[in-house]
Amino acid sequence: MQRSRLRRRLTDVPFIQVENLTRVFDVSRPWLERLTQRTPRQYLAAAANVSFAIGRRETFGLVGESGSGKSTIARMIVGLIPPSGGSVVIDGTPVTVQVHSAARQQARRRVQMVFQDPYSSLNPRWRAFDIIAEPIRAFRLCSNQSATKTRVEELLHLVGLDPMDGLKYPHEFSGGQRQRIAIARALASQPEFIVCDEPTSALDVSVQAQVLNLMRDLQDRLGLTYLLISHNLAVVRHMASRVGVMYLGRIVEMAPSKELFRNPHHPYTRMLLDAVPHLDRGRTHGEAVVGEMANPLDPPTGCPFHPRCPHVNERCQVEPPRLITAGSSSVSCHAVEERRI
Amino acid sequence: MRIQRDVMNAEHGSRLNFSAQRGSLLRLLDSDIVFSFRQSKVTVLAALVTVAVVLGAVLAPWIAPHDPFDLKTLSLLNAHMPPAWAKGGDLSFALGTDDQGRDILSTILYGSRLSLAISITSVAFAATLGIALGLIAGYLGGPIDALIMRVADVQLTFPAILIALLIDGTAHALFGQYRAESAPIWVLVLSIGLSFWVQYARTVRGLTFVERNKDYVLAARLIGIRPAAVVIRHILPNVISPVLVIVTINLALAIILEATLSFLGVGLSPTQPSLGTMIRIGNNFLFAGEWWIAIFPGITLAALALSVNLLGDWLRDALNPKLR
Amino acid sequence: MNRPVLSLRDLSVAFSQRHRTVVAVNNVSFDIARGEVLGVVGESGAGKSLTASAIVGLLEPPGRLVGGEIRLTGQRIDGLSPEAMRRIRGKRIGMVFQDPLTSLNPLYRIGDQLVETIKAHTRFQGIEARRRAIALLTEVGLPAAEARIDNYPHQFSGGMRQRVVLALALAGDPELVIADEPTTALDVSIQAQIIALLKRLCRERGTAIMLITHDMGVIAEAADRVAVMYAGRIVEIGAVSDVIKHPLHPYSVGLMGSIPSLDSDLDRLLQISGSMPRLNSIPSGCAFHPRCPRVFEPCSRSHPQLSALGQSRVACWIYDDAAKSAEAALDRRTVHSG
Numbered sequence: 038m039q040r041s042r043l044r045r046r047l048t049d050v051p052f053i054q055v056e057n058l059t060r061v062f063d064v065s066r067p068w069l070e071r072l073t074q075r076t077p078r079q080y081l082a083a084a085a086n087v088s089f090a091i092g093r094r095e096t097f098g099l100v101g102e103s104g105s106g107k108s109t110i111a112r113m114i115v116g117l118i119p120p121s122g123g124s125v126v127i128d129g130t131p132v133t134v135q136v137h138s139a140a141r142q143q144a145r146r147r148v149q150m151v152f153q154d155p156y157s158s159l160n161p162r163w164r165a166f167d168i169i170a171e172p173i174r175a176f177r178l179c180s181n182q183s184a185t186k187t188r189v190e191e192l193l194h195l196v197g198l199d200p201m202d203g204l205k206y207p208h209e210f211s212g213g214q215r216q217r218i219a220i221a222r223a224l225a226s227q228p229e230f231i232v233c234d235e236p237t238s239a240l241d242v243s244v245q246a247q248v249l250n251l252m253r254d255l256q257d258r259l260g261l262t263y264l265l266i267s268h269n270l271a272v273v274r275h276m277a278s279r280v281g282v283m284y285l286g287r288i289v290e291m292a293p294s295k296e297l298f299r300n301p302h303h304p305y306t307r308m309l310l311d312a313v314p315h316l317d318r319g320r321t322h323g324e325a326v327v328g329e330m331a332n333p334l335d336p337p338t339g340c341p342f343h344p345r346c347p348h349v350n351e352r353c354q355v356e357p358p359r360l361i362t363a364g365s366s367s368v369s370c371h372a373v374e375e376r377r378i
Numbered sequence: 112m113r114i115q116r117d118v119m120n121a122e123h124g125s126r127l128n129f130s131a132q133r134g135s136l137l138r139l140l141d142s143d144i145v146f147s148f149r150q151s152k153v154t155v156l157a158a159l160v161t162v163a164v165v166l167g168a169v170l171a172p173w174i175a176p177h178d179p180f181d182l183k184t185l186s187l188l189n190a191h192m193p194p195a196w197a198k199g200g201d202l203s204f205a206l207g208t209d210d211q212g213r214d215i216l217s218t219i220l221y222g223s224r225l226s227l228a229i230s231i232t233s234v235a236f237a238a239t240l241g242i243a244l245g246l247i248a249g250y251l252g253g254p255i256d257a258l259i260m261r262v263a264d265v266q267l268t269f270p271a272i273l274i275a276l277l278i279d280g281t282a283h284a285l286f287g288q289y290r291a292e293s294a295p296i297w298v299l300v301l302s303i304g305l306s307f308w309v310q311y312a313r314t315v316r317g318l319t320f321v322e323r324n325k326d327y328v329l330a331a332r333l334i335g336i337r338p339a340a341v342v343i344r345h346i347l348p349n350v351i352s353p354v355l356v357i358v359t360i361n362l363a364l365a366i367i368l369e370a371t372l373s374f375l376g377v378g379l380s381p382t383q384p385s386l387g388t389m390i391r392i393g394n395n396f397l398f399a400g401e402w403w404i405a406i407f408p409g410i411t412l413a414a415l416a417l418s419v420n421l422l423g424d425w426l427r428d429a430l431n432p433k434l435r
Numbered sequence: 084m085n086r087p088v089l090s091l092r093d094l095s096v097a098f099s100q101r102h103r104t105v106v107a108v109n110n111v112s113f114d115i116a117r118g119e120v121l122g123v124v125g126e127s128g129a130g131k132s133l134t135a136s137a138i139v140g141l142l143e144p145p146g147r148l149v150g151g152e153i154r155l156t157g158q159r160i161d162g163l164s165p166e167a168m169r170r171i172r173g174k175r176i177g178m179v180f181q182d183p184l185t186s187l188n189p190l191y192r193i194g195d196q197l198v199e200t201i202k203a204h205t206r207f208q209g210i211e212a213r214r215r216a217i218a219l220l221t222e223v224g225l226p227a228a229e230a231r232i233d234n235y236p237h238q239f240s241g242g243m244r245q246r247v248v249l250a251l252a253l254a255g256d257p258e259l260v261i262a263d264e265p266t267t268a269l270d271v272s273i274q275a276q277i278i279a280l281l282k283r284l285c286r287e288r289g290t291a292i293m294l295i296t297h298d299m300g301v302i303a304e305a306a307d308r309v310a311v312m313y314a315g316r317i318v319e320i321g322a323v324s325d326v327i328k329h330p331l332h333p334y335s336v337g338l339m340g341s342i343p344s345l346d347s348d349l350d351r352l353l354q355i356s357g358s359m360p361r362l363n364s365i366p367s368g369c370a371f372h373p374r375c376p377r378v379f380e381p382c383s384r385s386h387p388q389l390s391a392l393g394q395s396r397v398a399c400w401i402y403d404d405a406a407k408s409a410e411a412a413l414d415r416r417t418v419h420s421g
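Chains as they are written, first to last, in my numbering: chain A, 38 to 378; chain B, 112 to 435; chain C, 84 to 421.
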């Protein structure tokens, strides 16, 4: 009885827990300029009170347009930049940006990242072998040269490349192949969690299909957990089991993937889905797409979406909505709360 | 246009693909850089001249007919002899002798040694200092960057020769006149080097700013690589190629700067003359009709500086498409 | 006038490299009628942008036109002098490129750039030109055009800038607009607005539009007909609904299948093995044959020509009856002998 309760408690705690993650950037002009021109300090709230959880072997999709803050969230989760508020806990261990302790190094092993641009995510002066071997050497995972060589060849094979490709430089590969090398590098430290920041946005459609299929296969084989960040809704639909939609630094809706796409609640989600060009939908449009995302330096009061929202009322202009959870979905919208839509 | 670059890269990439098995030397010989080198006659000529002077300088102890620095072998009887083809010349003193009886040809060979040694050392010093400061300023940013750049700005307001004179003069005052009209070589290296480091620092700093935000640097930081290792192993190889161009141009400038300092009398002593010193000595005798003492070293100096400059020009153009 | 606005016949573009000549656009032919939107779709390196550059005479050396004809409303423009081409660009052909940041001169107000174009290519001058500029900006949906006409490009967001670029392209009242990846750098919601704008302008002004993109979704929303390019050639061309719902060429089939959709729930995306060949190593015969799931004997020998099949045209041996019957005959013989 006790053991099953313990097991249940262990599985209750999600693998990744993000709580109220906030990040504010100080983008003020240099102090001399501020002094002479009397301009106040300027702050950019890139992310505000973002919370979500990811279970083991799950793929969580974070969707949003540029300026929504999704890349900032990604970088905070992997520990590249410190949060201004909130916390990230991975398997019970909080992520800190405190540098160079043995414990932190151990923690780094478990989380890796795949970046968007395959042209700048690989050092152009390094051979593919060294690029993939770097994490192995940094974490001292192999005892000698030949063990490292075997492991790198194994990884190249795992991502569908030839072991001889290790001798080439990045410019000798195509975009899709470079992304495979980036994935091999991410896998080199045997991580459990990989954050993928727009991994296929820079790739052609057929190459994207190859890379997405590869990511799926690797997830099944190695039991990986993914945080997939993308502006491409179809890709997120295909890969993620749960999706969070971000707008101007906040999560506005979060739900299991099928449900979100079949029955979106938040007006922004609806607008986004409607704007996606459909192959077989023909030429009809639902709700019209209006306006543009506000400047994050000067966000609207109340609900950040209200200037573009077809269901705006007075409360929306003044009071920011809270995230309300109903079952497995959450929405942050007054109109939904008041059952107006 | 991006497409055209892709086509070029495709060409280049597939050629490398094919020849990956052929060995890296063959690959180098077949590469675009060597091809553009062979295409330009001027560059090949410049390279030949440079190699000739450098070889002459390196092999001086073995190929020079006399040793001009060994005061015991000099004889005033041999002084003021014209070149071998003129009346009164001697074949053993092929280009004539100066006022001390030194063979001009041998002095050119030995003097080039000094000129090259000093200029190469000072450029190496300037480059190391400049690259290091540039990397630090570019990677760390903030107040350290501001400090280094302000120092660089201040220094740029002075012409190189003034800085060199300043350091030289200070060294003289500090260490006294223990050797009249001479300066230890290290003072020369220091003064020339300190007047050149700024351009390296600025160039490297700008490029470091760009590279530091790239994803491959983030990926390295992600696995916990320490900042020093990130800078040296990841960023440095990517910012180094413009530096190569600056080095060649600097070499030419350093040679001339050393010659200028020697000409002005704050360089090497007349008993160990470099090309510049010889020109200075020869200057006194130009109007007496003994032109060979100044002209031959002058031609050598000009040819060397010009050749190195032309090589630098070619290198900049050859590296450019890849930089773009 | 039923003459097509743009007519390409066997257009070819090649690059001379050190050791060889690489053909980047190979015998491309199509027409665009008045008021029609033709989508040109293909992956990077397929030759779409090069085709556009060739049409407007902006090919950069070492690329050059090595064959074919380009006709703008019946008049041949491929052999014209650079000066004559310059007059045609802007007046009769408008261009919209991918990155609005680099299409607009950051040092000039958008009003200045618009007015300059209007004065150069139309009869409007002076205050008339400014009024016309304001009208154009309003037509492309820029709010408060009269106030914002004196702003600099950096004061606009990406979507707004792209609208300004559209206005610039339309300033000379062109017969043809070439849009090269006009929405790729924009967010999804802005993308939808720009596509709707393009279609509306095309309808109202009767401009022909050549829309180049790698995004099939944009084609589905905006285009009437679509040409699929692969390795420098057109492999299929037809009405948008036909090509999307019933693709004929195996590459088109693979392309449509590899696009994830918002509705279906596949476990794996259809994937075409390998990648598009580099231009200097295009396979003999049909360029797609090494990756084709339906490859057979004639595919490696010679390249199929674009031939009509229903309303579309497709370049594939599968649909060539002569090839198929020859293959069938071969099969019969091997069966008999074996």
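Ideal Cβ positions, reconstructed from N, Cα and C, are used throughout, including at glycine.
1) Are the Cβ atoms of C/A279 and C/L294 separated by less than 9 Å?
2) What is the residue span of the alpha helix (DSSP H) that A/C353 lies within?
3) Residues of chain B with a CB under 7 Å from the CB of A/A175: which are they?
4) With a CB to CB cut of under 7 Å and the five nearest residues on each side skipped, what residues in its chain are close to A/G92?
5) Going by DSSP, what residue range makes up the beta strand (DSSP E) through A/M330?
6) Spatial neighbours of A/P161 within its chain, please: CB distance less than 8 Å, with the 5 preceding and 5 following residues excluded, ordered by chain position.
7) On the three-state DSSP scale, how would you describe B/A190?
8) Closer than 8 Å between beta carbons: that is the criterion. Which residues of the region 289-310 of chain A meet it against chain C?
9) Please compile the residues from chain C whose C-beta is within a distance smaller than 7 Å of the C-beta of A/E329.
10) Sorted by chain position, which residues of the same chain lie with C-beta nearer than 7 Å to B/A168's C-beta, five sequence neighbours on each side aside?
11) Are the region 301-311 of chain B and the region 358-374 of chain B touching, with three or more C-beta to C-beta distances below 8 Å?
12) With a floor of 3 residues, list each beta strand (DSSP E) that falls wholly inside the region 192-270 of chain A, ordered by position along the chain.
13) Figure out for me which residue from C/S395, C/G162, C/P145 has the closest Cα to the Cα of C/E152.
14) How about C/P373 and C/P381: do their beta carbons lie closer than 9 Å?
15) Would the region 86-103 of chain C and the region 185-200 of chain B be scored as touching if the rule is three or more Cβ pairs under 8 Å?
16) Given this structure, state the Cα-to-Cα distance separating A/V313 from A/L255, to the nearest angstrom.
17) Give every residue of the same chain whose Cβ lies closer than 6 Å to the Cβ of A/Q216, excluding the five residues on either side of it in the sequence, and list them in chain order.
18) Which of helix, strand or coil does DSSP assign to B/N394?
19) Would you say A/L43 faces chain C, with C-beta separation under 9 Å as the test?
20) Assuming contact is defined by CB atoms lying nearer than 9 Å, are A/V61 and A/S103 in contact in what I supplied?
21) Taking the alpha-carbon positions, what's the B/A399 to B/L386 distance?
22) 9 Å is my cut-off, CB to CB: does B/I250 come that close to chain A?
23) Around the Cβ of B/N189, are there at least 16 other Cβ atoms within 10 angstroms (buried) or fewer (exposed)?
24) Run through DSSP, which three-state label would A/S108 get?
25) Quick check for students: name the residue ranges of the beta strand (DSSP E) that lie wholly in the region 281-333 of chain C, counting only runs of 3 or more.
26) With three or more beta-carbon pairs closer than 8 Å as the criterion, would you say the region 212-226 of chain A touches the region 123-140 of chain A?
27) First and last residue of the beta strand (DSSP E) that includes C/G122?
28) Can you list, in chain order, the residues of the region 74-102 of chain A whose Cβ is nearer than 8 Å to any Cβ on chain B?
29) Say whether chain A places a C-beta atom closer than 9 Å to the C-beta of B/A429.
30) Please return the same chain residues whose Cβ sits closer than 7 Å to the Cβ of C/P343, not counting the five positions on each side in sequence.
31) Just the chain A side, please: which residues come within less than 7 Å of B/D326 by C-beta, in chain order?
32) In angstroms, rounded to a whole number, what distance separates the CA positions of B/L244 and B/W425?
33) Count the other C-beta atoms from every protein chain shown that fall within 10 angstroms of the C-beta of B/T184, then say buried if there are 16 or more, exposed otherwise.
34) Give a yes or no on whether the minimum CB-CB distance between B/A331 and chain A is below 9 Å.
35) Could you tell me which of C/V108, C/D114, C/R117 sits nearest to C/G125, measuring between CA atoms?
Quick answer:
1) Against a cut-off of 9 Å, the Cβ pair of C/L294 and C/A279 comes out as no contact.
2) From DSSP, the alpha helix (DSSP H) with A/C353 extends over 351-355.
3) Below the 7 Å Cβ cutoff, chain B contributes I334, G335, I336 as neighbours of A/A175, in chain order.
4) Contacts found: P51, F52.
5) Under the DSSP assignment, A/M330 falls outside any beta strand (DSSP E); it carries neither an H nor an E label.
6) For A/P161, where only same-chain residues beyond five positions count, the Cβ hits under 8 Å are Y206, P207, H208.
7) The DSSP-derived three-state label of B/A190 is coil.
8) Taking 8 Å as the Cβ-Cβ cut-off against chain C, the residues of the region 289-310 of chain A that qualify are K295, F298, M308, L309, L310.
9) S240, G242, I273, listed in chain order.
10) L220, S223, R224, L227, listed in sequence order.
11) These segments touch.
12) Counting only runs of 3 or more, we get 230-234, 262-267.
13) Per the Cα distances, C/G162.
14) Taking C-beta atoms as the reference points, C/P373 and C/P381 fail to come closer than 9 Å.
15) No, the region 86-103 of chain C is not in contact with the region 185-200 of chain B.
16) Straight across, the Cα-Cα distance linking A/V313 with A/L255 is about 28 Å.
17) If the five residues before and after A/Q216 are omitted, its C-beta is found closer than 6 Å to the C-beta atoms of P155, V248, all from its own chain and listed in chain order.
18) B/N394 falls in the helix class under three-state DSSP.
19) Confidence in A/L43 is poor, its pLDDT being 46 and thus under 50, which makes the residue's placement unreliable; the coordinate value appears in the next sentence. Cβ-Cβ to chain C under 9 Å: no for A/L43.
20) Contact flag unset, no.
21) Distance between the alpha carbons of B/A399 and B/L386: 20 Å.
22) First, the residue type needs correcting, since residue 250 of chain B is Tyr and not Ile in the sequence shown. No, no contact with chain A.
23) Buried is the label assigned to B/N189, since at least 16 other Cβ atoms lie within 10 Å of its Cβ.
24) DSSP places A/S108 in helix when its eight states are reduced to three.
25) Under the rule that a run must span 3 or more residues, the beta strand (DSSP E) segments found entirely inside the region 281-333 of chain C read 291-296, 308-313, 316-322.
26) The answer is no - the region 123-140 of chain A does not touch the region 212-226 of chain A, with fewer than three Cβ pairs under 8 Å.
27) From DSSP, the beta strand (DSSP E) with C/G122 extends over 120-124.
28) Listed by position along the chain: nothing, the set is empty.
29) No - not a single Cβ of chain A is within 9 Å of the one on B/A429.
30) Sequence-distant partners of C/P343 (beyond 5 residues in either direction) whose C-beta falls short of 7 Å from its own C-beta, in its chain, are L352.
31) Identification of chain A residues near B/D326 by a Cβ-Cβ cut-off of 7 Å yields F152, D154, S157, S158, ordered along the chain.
32) The C-alpha of B/L244 lies about 27 Å from the C-alpha of B/W425.
33) That one is exposed.
34) Closer than 9 Å: yes.
35) Measuring from the Cα of C/G125, the nearest candidate turns out to be C/V108.
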